[in-house]
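Student:
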Ligand code: CAA
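In this note's numbering, the protein residues as written are 20 to 399.
#1: Apply the 10 Å Cβ neighbour rule to residue 84 and answer buried if 16 or more other Cβ atoms are within range, or exposed otherwise.
#2: Name, in chain order, the residues that DSSP records as bridge partners for residue 301.
#3: Skipping 5 residues on each side, what residues in its chain have a beta carbon closer than 7 Å to that of residue 47?
#4: Please state the DSSP three-state secondary structure of residue 331.
#5: In angstroms with no decimal places, state the Cα-to-Cα distance between residue 180 and residue 341.
#6: Which one of 216, 217, 238 has the shortest CA to CA distance from residue 205?
#7: Nearest to residue 86 by CA position, among 350, 235, 320, is which residue?
#8: Can you look up residue 50 in the DSSP assignment and give me helix, strand or coil?
#9: Looking at the strands, I want to know which residues DSSP matches up with residue 370.
#10: Here's the rule: buried if 16 or more other CB atoms are within 10 angstroms of the residue's CB, otherwise exposed. What is residue 345?
#11: Just to confirm before moving on: does the CB-CB distance between residue 90 and residue 35 stay below 8 Å?
#12: Below 7 Å, is the gap between the Cβ of residue 258 and the nearest heavy atom of ligand 1?
#13: Going by C-alpha to C-alpha distance, which of 78, 353, 240, 66 sits closest to residue 119?
#14: Considering only residues of the same chain and omitting the five flanking positions on each side of residue 400, which have a CB-CB separation below 6 Å?
#15: Using a Cβ-Cβ cutoff of less than 8 Å, which residues in the same chain neighbour residue 125 once the five nearest sequence positions on both sides are dropped?
#16: By the DSSP assignment, the beta strand (DSSP E) with residue 172 in it spans what residues?
#17: Taking 8 Å as the threshold (beta carbon to beta carbon), is residue 26 in contact with chain E?
#18: Does the region 143-160 touch the region 208-216, meaning 3 or more C-beta pairs lie closer than 8 Å?
#19: Per DSSP, what kind of secondary structure is residue 232 in: helix, strand or coil?
#20: For residue 335, which residues of its own chain have a beta-carbon under 6 Å away from its beta-carbon, when the five flanking residues on both sides are left out?
#21: Looking at the secondary structure, which residues open and close the beta strand (DSSP E) in which residue 212 lies?
#22: Is the beta carbon of residue 368 closer than 8 Å to that of residue 279?
#23: Flag residue 154 as yes when its Cβ comes closer than 7 Å to any non-hydrogen atom of ligand 1, and as no otherwise.
#24: Closer than 7 Å to a non-hydrogen atom of ligand 1 - does that hold for the CB of residue 345?
#25: Please determine whether the Cβ atom of residue 146 lies at a distance below 7 Å from any heavy atom of ligand 1.
#26: How many whole angstroms separate the CB atoms of residue 113 and residue 140, which I take to be in contact at a CB cut-off of 8 Å?
#27: Indicate, with yes or no, if ligand 1 has a heavy atom lying under 7 Å from the CB of residue 382.
#28: Can you tell which of 339, 225, 62, 374 has the C-alpha that lies nearest to the C-alpha of residue 52?
#29: Check this for me: beta carbons of residue 413 and residue 236, under 8 Å apart or not?
#30: Does the structure place the region 305-319 close enough to the region 371-387 that three or more beta carbon pairs sit under 8 Å?
#31: Measure how close the beta-carbons of residue 356 and residue 372 come, nearest whole angstrom, since I'm counting them as under 8 Å.
#32: Quick one: measure Cβ to Cβ for residue 96 and residue 361, integer angstroms, because I've assumed they're closer than 8 Å.
#33: By DSSP, does residue 138 sit in helix, in strand, or in coil?
#34: At what residues does the alpha helix (DSSP H) containing residue 266 begin and finish?
#35: Can you give the Cα-Cα distance for residue 318 and residue 144, rounded to whole angstroms?
#36: What are the boundary residues of the beta strand (DSSP E) that residue 388 is part of?
Okay, structure coming up:
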């Protein structure tokens, strides 16, 4: 067993840390307030290789391992979880999904633009009545020979308006239930495709989240991913890896809040000494540090499983469940350590607390992770 990072891993982690501090930190409060994310920043993330980290180099990807990806996710999430969710969706859902299950033409046409940031991707599974219950897809994709016709609504879609290519899950044959579901690549300018209003969110407010409407959208057959009926498996397999990315995001949010609280406690004085000298604060920091370190081990283990070609459904679900709870607990305590200052925007911890909550909801709620975990440990 070797817990040491390689030189390459350290380089990637430091590059992500540097990018987050120099490029993301300066406008992060304003982006949260205005609910916006400038296109130039997305371009910078693409230029630096953060949007296609694990994808194959022949399609413009970085060819990196999952350990590198989670290291970058942690560093970027310490500063700006809105940026890291865009990175996460593009990397682990869209690029990984296409790289692993797309055909040569799809990879050449779509993946090679998504890995570089020239285009951005979105993953469209959730619907008004199909969130956790993902097999109950109401969006239909009727087979018309050389094309499909899509009708329906998708909800809470990350990169909803900023994406160019959308991976859309829809029901082709209702009789076959989840075996009659397909996944498609839909281009933004398709006729009948409409972007709904932006959601007004509690956290990750810089990232754009929208509902999407499909009104008789014609999608060529060559844009179906995999064999007929592969769509639900595609979504599940893709989400298994996505959950490792979100676990890393939760870890980063927790670690970012902890570092702010630790540094603040060494400067702020009360009752004649720095507050870190009071056991009430020192013990909070000890608990925060311990649960963050445990989360980091779980995230790394899940990433390692994936890199070793082992099954990572269980380790990814456990990492997401644990790290997202840690993110909630730690950010609440970080606000407490900051006292009154924790409640105002310029100290950053209130934003991190708001950002933390979504990690217990998207890419499978904590309750869904417990379904995945319990089924996995009870199956033998
Ligand atoms: N890999 C491969 N196949 C899988 C799988 C996996 N990880 N998990 C399930 N499957 C397969 C099953 O084997 C089964 O196939 P067979 O019938 O051929 O055996 C099929 O999928 C159906 O599985 P279940 O019977 O287990 O289905 P279920 O109805 O009990 O639901 C569930 C399973 C795990 C609860 C699933 O519905 C689920 O994960 N729900 C949560 C959905 C989710 O995570 N949504 C997130 C939205 S995306 C998002 O948030 C992105 C963003 O923008 C940030």
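The beta carbon of each residue, even a glycine, is placed where N, CA and C say it ideally should be.
All figures in this text were calculated on a predicted structure; none of them were measured in a lab.
Tutor: Put simply:
#1: The residue is buried, with at least 16 neighbouring Cβ atoms inside 10 Å.
#2: Beta-bridge pairing links residue 301 to no other residue.
#3: Counting only Cβ-Cβ distances below 7 Å, and skipping sequence neighbours, we find 98, 99.
#4: DSSP, read as helix, strand or coil, puts residue 331 in coil.
#5: Their Cα atoms are separated by approximately 31 Å.
#6: The residue among 216, 217, 238 with its C-alpha nearest the C-alpha of residue 205 is 238.
#7: Ranking 350, 235, 320 by Cα distance to residue 86 puts 320 first.
#8: DSSP, read as helix, strand or coil, puts residue 50 in helix.
#9: In the DSSP assignment, residue 370 is bridged to no other residue.
#10: It counts as buried.
#11: Yes, Cβ-Cβ distance for residue 90 and residue 35 is below 8 Å.
#12: True, at least one ligand heavy atom lies under 7 Å from that Cβ.
#13: Nearest of 78, 353, 240, 66 to residue 119, Cα basis: 78.
#14: It is not possible to answer for residue 400, since the shown part of the chain is limited to 20 through 399.
#15: Residues 117, 204, 241, 242, 244 of the same chain have their beta carbon placed closer than 8 Å to that of residue 125, with the five preceding and five following residues left out of the count.
#16: From DSSP, the beta strand (DSSP E) with residue 172 extends over 166-177.
#17: Absent here is chain E; the protein component of the structure consists of one chain.
#18: Touching, no, given that fewer than three Cβ pairs across the two stretches are closer than 8 Å.
#19: Taken through DSSP and simplified to helix, strand or coil, residue 232 comes out as strand.
#20: Taken in chain order, the residues that qualify are 259, 262, 263, 321.
#21: Looking at the DSSP string, the run of the beta strand (DSSP E) that includes residue 212 is 212-217.
#22: Annotated as proximal: residue 279 and residue 368, with beta-carbon spacing under 8 Å.
#23: Indeed, a heavy atom of ligand 1 lies less than 7 Å from the Cβ.
#24: Placement of the Cβ of residue 345 at a distance of 7 Å or more from every heavy atom of ligand 1 is found.
#25: No, the beta carbon of residue 146 sits no closer than 7 Å to any heavy atom of ligand 1.
#26: Contact holds; Cβ gap of about 3 Å.
#27: Correct: residue 382 has its Cβ closer than 7 Å to ligand 1.
#28: The option with the nearest alpha carbon to residue 52 is 225.
#29: Because residue 413 is not part of the residues shown, which for the chain are 20 to 399, the question remains open.
#30: A contact between stretches requires three or more CB pairs, one per stretch, nearer than 8 Å, and the region 371-387 fails this requirement with the region 305-319.
#31: The Cβ separation is near 12 Å, so there is no contact.
#32: Not confirmed; about 19 Å, so no contact.
#33: In the displayed model, residue 138 falls within coil according to three-state DSSP, outside both helix and strand.
#34: Here the alpha helix (DSSP H) through residue 266 covers 250-286.
#35: In a straight line, the C-alpha of residue 318 is about 24 Å away from that of residue 144.
#36: Careful: residue 388 lies outside any beta strand (DSSP E), inside the alpha helix (DSSP H) at 385-397.
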